[in-house]
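Asker: In the numbering used here, the protein residues as written are -17 to 123.
We put the CB at the ideal spot given by N, CA and C, even for glycine.
It should be emphasised that the depicted structure is a prediction, and the values quoted were computed from it without experimental measurement.
What follows is a single structure, and I will ask about it in a moment.
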């Protein structure tokens, strides 16, 4: 049983519950007041939204190797209601995604991939992160 074999919703819920127990993944003080993007009207209403987003980002890094903040902003963005004007797509908050990726790196679940000139190419999953997600996937039936 691997990450690709189970449903995304169940995997994210179980992963978020396990990430909540990790001391490296704690929401910053501003997380209770911030919106997740320009296209949102309010901040998230769920109590554990930080860990749900972290679990979702971890899954996306697992599935799409060498993914960066810019592509993740595009993935989590949405359409903004602009009144009588046509809707447009806007990117998600980069600060939230960046902070979660930094926390996942501190936990040892992801790492920054560098090219030959030592420039960052994106985040990749570590063996520890791979085994963590596979263990969560095996626990789902």
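1) Here's a check: name, in chain order, each residue in its chain whose Cβ is nearer than 7 Å to the Cβ of residue 116, leaving out the five neighbours to either side.
2) Rounded to the nearest angstrom, what separates residue 19 and residue 61 at their Cα positions?
3) Which of the three DSSP states is assigned to residue 53 in this structure?
4) Name the DSSP beta bridge partners of residue 106, please?
5) How about residue 90 and residue 104: are their beta carbons less than 9 Å apart?
6) My assumption, with CB atoms under 8 Å, is that residue 122 sits in contact with residue 17. Please give the rounded CB distance.
7) Might you give, ordered along the chain, the residues of its own chain that have their beta carbon closer than 8 Å to the beta carbon of residue 28, omitting 5 neighbours on each side?
8) Give the range of the alpha helix (DSSP H) segment to which residue 71 is assigned.
9) Can residue 36 and residue -7 be called in contact, C-beta distance under 9 Å?
10) Which residues in the same chain as residue 108 place their Cβ atom closer than 8 Å to its Cβ, once the five residues preceding and following it in sequence are excluded?
11) To which residues of the same chain is residue 114 closer than 7 Å at the C-beta, ignoring the five residues directly before and after it?
12) Would you kindly report the start and end of the unbroken alpha helix (DSSP H) that includes residue -8?
13) Do you know how far the Cα of residue 14 is from the Cα of residue 24?
14) Which partner residues of residue 60 appear in the DSSP bridge assignment?
Answerer: Let me lay it out:
1) Working through the chain shown from its first residue, we reach residue 116 at position 134. Cβ within range, chain order: -16, -15.
2) Numbered from 1 along the chain shown, position 37 holds the residue referred to as residue 19. Numbered from 1 along the chain shown, position 79 holds the residue referred to as residue 61. Residue 19 and residue 61 have their C-alpha atoms roughly 10 Å apart.
3) Within the chain shown, residue 53 is the residue found at index 71, counting from 1. Residue 53 falls in the helix class under three-state DSSP.
4) On the chain shown, position 124 is the one that residue 106 refers to. DSSP, once it has assigned bridges, lists 93 as partnering residue 106.
5) Looking up residue 90 in the chain shown gives position 108. Looking up residue 104 in the chain shown gives position 122. No, Cβ-Cβ distance for residue 90 and residue 104 is not below 9 Å.
6) Your numbering for residue 122 matches position 140 in the chain shown. Your numbering for residue 17 matches position 35 in the chain shown. The distance from the Cβ of residue 122 to that of residue 17 is about 31 Å, inconsistent with a contact at the 8 Å cut-off.
7) Translated into positions along the chain shown, residue 28 becomes position 46. Once the five neighbours on either side are set aside, the close Cβ partners of residue 28 are 34.
8) Numbered from its first residue, the chain shown carries residue 71 at position 89. Taken as a continuous stretch (DSSP letters only), residue 71 belongs to no alpha helix (DSSP H), being part of the beta strand (DSSP E) at 70 to 72.
9) Here residue 36 corresponds to residue number 54 of the chain shown, with the count starting at 1. Here residue -7 corresponds to residue number 11 of the chain shown, with the count starting at 1. For residue 36 and residue -7, no; Cβs fall outside 9 Å.
10) Position 126 of the chain shown, counting from 1, holds the residue named residue 108. If we look at residue 108 and ignore the five residues flanking it on each side, its Cβ neighbours are 90, 91, 92, 93.
11) For the purposes of this step, residue 114 is identified with residue 132 of the chain shown, where counting begins at 1. For residue 114, same chain residues with a beta-carbon under 7 Å away, outside a window of 5 residues either side, are 91 in chain order.
12) What you label residue -8 is simply residue 10 of the chain shown in a count that begins at 1. Element bounds for residue -8: -10 to 1.
13) Within the chain shown, residue 24 is the residue found at index 42, counting from 1. Within the chain shown, residue 14 is the residue found at index 32, counting from 1. Approximately 11 Å, taken between the alpha carbons.
14) Your numbering for residue 60 matches position 78 in the chain shown. Per DSSP, the beta bridge partners of residue 60 are 72.
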